[in-house]
Each structure stands twice: as C-alpha cells, then as structure tokens.
Amino acid sequence: MPKLCETMKYLSRTVHLATRAVYHHGFRGLSTASGHTTEKSVPYATTLKEEGSTTKGPTKPLPESADVVVIGGGSLGCQTTYHLAKMGMKNVVLLERDRLTSGTTWHTAGLLWQLRPSDVEVELLAHTRNVVSQDLEQETGLHTGWIENGGLFIASNKQRLDEYKRLMSLGKVYGVESYVLSPAETKDLYPLMNVDDLYGTLYVPKDGTMDPAGTCTTLARASTARGAQVIENCPVTGIQVKTDDFGVKRVVAVETQYGTVRTPCVVNCAGVWARTLGQMAGVDVPLIAMHHAYVVTERIEGIQVPLLPLILSSLFSVSAALKTHLLYKILLHL
Numbered sequence: 001m002p003k004l005c006e007t008m009k010y011l012s013r014t015v016h017l018a019t020r021a022v023y024h025h026g027f028r029g030l031s032t033a034s035g036h037t038t039e040k041s042v043p044y045a046t047t048l049k050e051e052g053s054t055t056k057g058p059t060k061p062l063p064e065s066a067d068v069v070v071i072g073g074g075s076l077g078c079q080t081t082y083h084l085a086k087m088g089m090k091n092v093v094l095l096e097r098d099r100l101t102s103g104t105t106w107h108t109a110g111l112l113w114q115l116r117p118s119d120v121e122v123e124l125l126a127h128t129r130n131v132v133s134q135d136l137e138q139e140t141g142l143h144t145g146w147i148e149n150g151g152l153f154i155a156s157n158k159q160r161l162d163e164y165k166r167l168m169s170l171g172k173v174y175g176v177e178s179y180v181l182s183p184a185e186t187k188d189l190y191p192l193m194n195v196d197d198l199y200g201t202l203y204v205p206k207d208g209t210m211d212p213a214g215t216c217t218t219l220a221r222a223s224t225a226r227g228a229q230v231i232e233n234c235p236v237t238g239i240q241v242k243t244d245d246f247g248v249k250r251v252v253a254v255e256t257q258y259g260t261v262r263t264p265c266v267v268n269c270a271g272v273w274a275r276t277l278g279q280m281a282g283v284d285v286p287l288i289a290m291h292h293a294y295v296v297t298e299r300i301e302g303i304q305v306p307l308l309p310l311i312l313s314s315l316f317s318v319s320a321a322l323k324t325h326l327l328y329k330i331l332l333h334l
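In the UniProt record's numbering, the protein residues as written are 1 to 334.
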C-alpha cells in the first residue's frame, strides 16, 4: 500500500501540472509544437490542423433534406451514423464542424472495458467490442487498431473484490467472459505488478484497446458504403423548431454556415459541446465538461514483455502497448 500511495502522489502532481497547463493554454490538441508525443498522435494532430486551416467550405454539397441529421463527428457520432445506416436508413447525414475526431476523440486512450454496474452498459459495450474487433474489418477491409490484450480490475480490499464478483455475474448474462484471480495468479499474468496488497483481481480476457481515429474513419467508410453522407467542415449554427397542432415542439431543420437541411430528426452527438447544441433547440442537456488527463511515458529500457492487460482500479487505469516501443498510458479520473 505505501508504494501505491507514493505512486498516486507522483501522478497527482503530474496531473496537477498538466491541468494548470490546460487552463493556461486552453483546450488544444497535442501537436509537434507542444513537445514530444506518441507516434500515433503527432502526425494525426498535425494533419488535422493543416487540413483544417486550408480547407474552406464543406467537404461535399449539403443535401436539401435528410431523414436524420447526426451532429458531431467523434466516436459517438460515427457510431450512431454507422448503426442507423446498418439498420437500413439511407438518408442519414453526419455534420462535423471541423474534421472527424477533431474534438476530443482523437486523443482519447481508446480503452474498452466491457463490464460495468449497469446491464445496459454491459450489453452496449459487448456489442461495441464485436463491432470494433470484427464487424468493421469484415465490412471495409480496414483495421481499427484493435488490440485484444484483456483487462484486469484490481481489488485492494474485500468490498471491491465482492463488487467485481457481481460484475462477473452480470457479464455472464451477456456472454462476457471473466475470471476472478488470486494475487498469485495475477502475478503470473502481469509479472510487473506488485501484488502484496491485493485481495485479488477480475480478469476479462477480451477487453482491449483501439485507435480512436482509425475506428471513426472505418465507421465513416462503412456508413457511406450504405448510403449515409459524412460532411466535414460544416459548423451547425442553429436548429429550427416548430410547435405542432398538439403543442409539441418538433425539429424541422438544421442550419449551418453553408445552408439549411430540412429534417424531422436530429441526434445530438456533440460530446462536450452537447449542452450548447441542445440550447439551439430549446433543450437543456444536463452535461458539464470535466478535466480528464493521461500520461504517456517514453520507452522503459529493460522491459521486454508481451501485450499486458489493461489495469483498472478505483483511482486510475493503466495500459501498456507494444508498438515500435513500449508505451504506458496512465489514465486518471479526476
């Protein structure tokens, strides 16, 4: 336990400094100007900023009407568009104000944990895993960057272990494979871990990580192949609402900088901007943005390991990935 406390103090100081930097410089994506980052993030961030600064106007003409308009080209918007198209809806339009994933999606850690206290979440996450790990590649021939390295829920007390046992029972209902491991079994699976203060862990072998940008690109490709339209560089400026004969307010159109799209249905997938978008239609979305930080280390010399499972505790999560070198992503919930 003392080692864990020392680690958390160090991470807290790191996150405190990172948070101060965010407040001082504003919410900006990583780029080569902000120092050394990962091989995945630098080229993508640079490309986003270069293309966003030179491209004028929407990437394709706006349609006059749509059955559904999805607003927001991040993970949620791309998933929504994909599933609507897969359900057979042809006239679906996704509007993104900049480039796909240019909001908060591109620099997320891309972790997928299937087990949650809510049965709805477990079913949804199990389905998402199947889409990301199998369906999309079969449909498009593109890889989402999925790495099935499994996940470990760490229990540092009996109450937490009992909670994880309940998660295991819930997962069985939806076909999510999981096992409760002893500290010794955990050590065999994750040799780098100090298990002296552990009561046990819950191991979910089919959890994993994905590349957020690659996943959204693949979702968009699969959606357009089914007839959906994905339009970037098209900021939404307003949502037209009219009251019907029964006194019910209904959406009739979406206004953008480049024209208006008539539609009876809008899906708000604007992420941290969802509250602002909702206000355009007179809807109060109970959402507030919170700081969320993760730390990516350089290669750790001397450590040659296979893909290690994700680690989740009540305080933080860790993933180790072997790409061209070993990366540790330490994700803290603030």
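The C-beta atom is built at its ideal place from N, Cα and C for all residues, glycine as well.
These numbers were taken from a predicted model, which means no experiment stands behind them.
TODO: Given a cut-off of 8 Å, decide if Ile71 and Val267 are closer than it, judged by their beta-carbon atoms.
DONE: Against the sequence shown, residue 267 aligns to sequence position 267. Against the sequence shown, residue 71 aligns to sequence position 71. With respect to Ile71, Val267 sits close: the two C-beta atoms are nearer than 8 Å.
Open item on the list: Please classify Val248 as buried or exposed, where buried requires at least 16 other C-beta atoms within 10 Å of its C-beta.
Closed with: Counting from one through the sequence shown, the residue named residue 248 turns up at place 248. Counting Cβ neighbours within 10 Å, Val248 comes out exposed, since fewer than 16 surround it.
TODO: Would you mind stating whether Leu307 and Asn130 have Cβ atoms separated by less than 8 Å?
DONE: On the sequence shown, position 307 is the one that residue 307 refers to. On the sequence shown, position 130 is the one that residue 130 refers to. Against a cut-off of 8 Å, the Cβ pair of Asn130 and Leu307 comes out as no contact.
Task: Three-state class that DSSP yields for Thr263 in the structure shown - done: Here the question's residue 263 lines up with position 263 in the sequence shown. In this structure, Thr263 counts as coil in the three-state DSSP scheme.
- [ ] Check Leu198 in the structure and name its three-state DSSP category.
- [x] Sequence index remark: in the sequence shown, residue 198 carries index 198 (1-based). Looking at Leu198 - three-state DSSP - the assignment turns out to be coil, as it is neither helix nor strand.
Task: Cβ contact (3+ pairs, closer than 8 Å) linking the segment 114-121 and the segment 184-196 - done: no
Task: Proximal residues to Leu152 (C-beta, below 6 Å), its chain only, five neighbours per side dropped - done: By 1-based counting over the sequence shown, the position of residue 152 is 152. Cβ within range, chain order: Thr201, Tyr203, Pro309, Ile311.
Task: Cβ neighbours of Glu177 in the same chain (closer than 8 Å, five flanking residues each side left out) - done: If you number the sequence shown from 1, residue 177 lands on position 177. So the list reads Gly171, Val204, Pro205, Lys206, once near-sequence residues are dropped.
Open item on the list: Spatial neighbours of Gly259 within its chain, please: C-beta separation below 8 Å, excluding the five flanking residues on both sides.
Closed with: One-based indexing of the sequence shown puts residue 259 at position 259. Cβ contact annotation for Gly259 (same chain, cutoff 8 Å, sequence separation greater than five): Leu62, in chain order.
Open item on the list: Residues in the same chain with beta-carbon distance under 7 Å from Thr237, minus the five sequence neighbours each way, listed in chain order, please.
Closed with: Locating residue 237 in the sequence shown gives position 237, where the first residue counts as 1. The beta carbon of Thr237 is closer than 7 Å to those of Glu255, Thr256, Gln257 in its chain, skipping five residues each way along the sequence.
Open item on the list: Taking the straight line between their C-alpha atoms, what separation do you get for Asn91 and Gly77?
Closed with: As a first step, residue 91 is located in the sequence shown; it is residue number 91 there, counting from the start. As a first step, residue 77 is located in the sequence shown; it is residue number 77 there, counting from the start. About 15 Å.
Open item on the list: Using the Cβ count rule (16 or more neighbours within 10 Å means buried), how would you classify Thr215?
Closed with: Residue numbering aside, residue 215 sits at position 215 when the sequence shown is read from its first letter. Answer is buried; the Cβ neighbour count reaches 16.
Open item on the list: Below 8 Å, how does it come out for the segment 89-106 and the segment 208-223: are there three or more Cβ pairs, yes or no?
Closed with: yes
Open item on the list: Considering only the alpha carbon of each residue, which of Ile154, Pro58, Ser156 lies closest to Asp98?
Closed with: Counted from its first residue, the sequence shown places residue 98 at position 98. Comparing Cα positions, the closest option is Pro58.
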